[in-house]
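Be aware that the sequence shown starts at 32, since it is given in the working numbering, and climbs by one per residue.
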Amino acid sequence: MNNADTRTMVTQLWTANFLNIRRATEVARTQARTRLDIGFELLDITFTMAGEFHPYAVDCLSHLSRSSFFAIHVWTLALPEPMATMIGQLNASQVFVRGQNENSARKNVAWNTRKPWFDVLIDTTTGFDAASGHWYWALLLFQIAEDSLSSTRSGATIIRTTERYGTAPDLALRSPQGIIRSDRPKTG
């Protein structure tokens, strides 16, 4: 993938609202919020079945963890012992979560107070495929969201005017084509 293709892909993913990042950013701005709550799965999303990090997972999560514009929360089916081990690996990689299967800062009071509220969920149920390199694209989209939350610029303007969104990735990655195809089945 060359630099022009990368910028095109980032633009398409932002426009298609991959992982709800664009919409969550826009809603936060209209509500005068400057933080997005991010939930993410550990099993087969952050870690491979062999217990290794997926490519770009640590890069993305450590970026989110360091930024005041994001609060990250583990949302996982992992049993307590493996979850503690994986949380330890995250901490050793400078990734610090604010909650495990909870978001005490924002409760879903409209439906069920036990269900945490997340603006973005990184999980297979949202179409995330870590093995295909989706962590790379998520990192770029979260950087755009951060730039947008810290300014008055839209994500589309940021993509067009910022060089880093036109730089090809180090690894050969598959694009999340299912997200941007126009022949997706209509729902509703």
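The beta carbon of each residue, even a glycine, is placed where N, CA and C say it ideally should be. Values in this document were obtained by computation on a predicted structure and should not be read as measured data.
Could you give the residue range of the beta strand (DSSP E) that holds residue i?
{"i": "PHE222", "result": "This structure does not reach residue 222, given that the chain is present from 32 up to 219, and the question cannot be answered."}
Considering only DSSP beta bridges, list what residue i is partnered with.
{"i": "ILE153", "result": "PHE71"}
{"i": "GLY130", "result": "HIS104"}
{"i": "PRO200", "result": "Answer is none; PRO200 lacks a bridge partner."}
Please classify residue i as buried or exposed, where buried requires at least 16 other C-beta atoms within 10 Å of its C-beta.
{"i": "ASP214", "result": "Its pLDDT being 37, under 50, ASP214 is placed unreliably in this model, and the coordinates cannot settle the point."}
{"i": "ASP178", "result": "buried"}
{"i": "MET40", "result": "buried"}
{"i": "SER96", "result": "buried"}
{"i": "GLY209", "result": "Its pLDDT being 49, under 50, GLY209 is placed unreliably in this model, and the coordinates cannot settle the point."}
{"i": "ASP150", "result": "buried"}
{"i": "ALA55", "result": "buried"}
Could you compute how far the alpha carbon of residue i sits from the alpha carbon of residue j?
{"i": "ARG221", "j": "ALA109", "result": "Outside the displayed span of the chain (32 to 219) sits residue 221, for which this structure offers no information."}
{"i": "TRP168", "j": "PRO111", "result": "30 Å"}
{"i": "PRO147", "j": "GLN43", "result": "29 Å"}
{"i": "ARG53", "j": "THR116", "result": "32 Å"}
{"i": "THR107", "j": "SER99", "result": "23 Å"}
{"i": "PHE127", "j": "GLN120", "result": "10 Å"}
{"i": "THR198", "j": "ILE190", "result": "11 Å"}
{"i": "LEU67", "j": "VAL105", "result": "14 Å"}
{"i": "ASP154", "j": "SER163", "result": "13 Å"}
{"i": "VAL89", "j": "ARG60", "result": "27 Å"}
{"i": "ALA161", "j": "GLU72", "result": "11 Å"}
{"i": "GLN125", "j": "TRP166", "result": "17 Å"}
Just curious, the alpha helix (DSSP H) that residue i is in, first and last residue?
{"i": "ALA59", "result": "52-61"}
{"i": "GLU177", "result": "165-180"}
{"i": "TRP45", "result": "34-46"}
{"i": "ALA187", "result": "186-192"}
(message) Just to confirm the assignment: which complete alpha helix (DSSP H) runs, minimum length 4, are found wholly within the region 72-125?
(response) 88-97, 111-123
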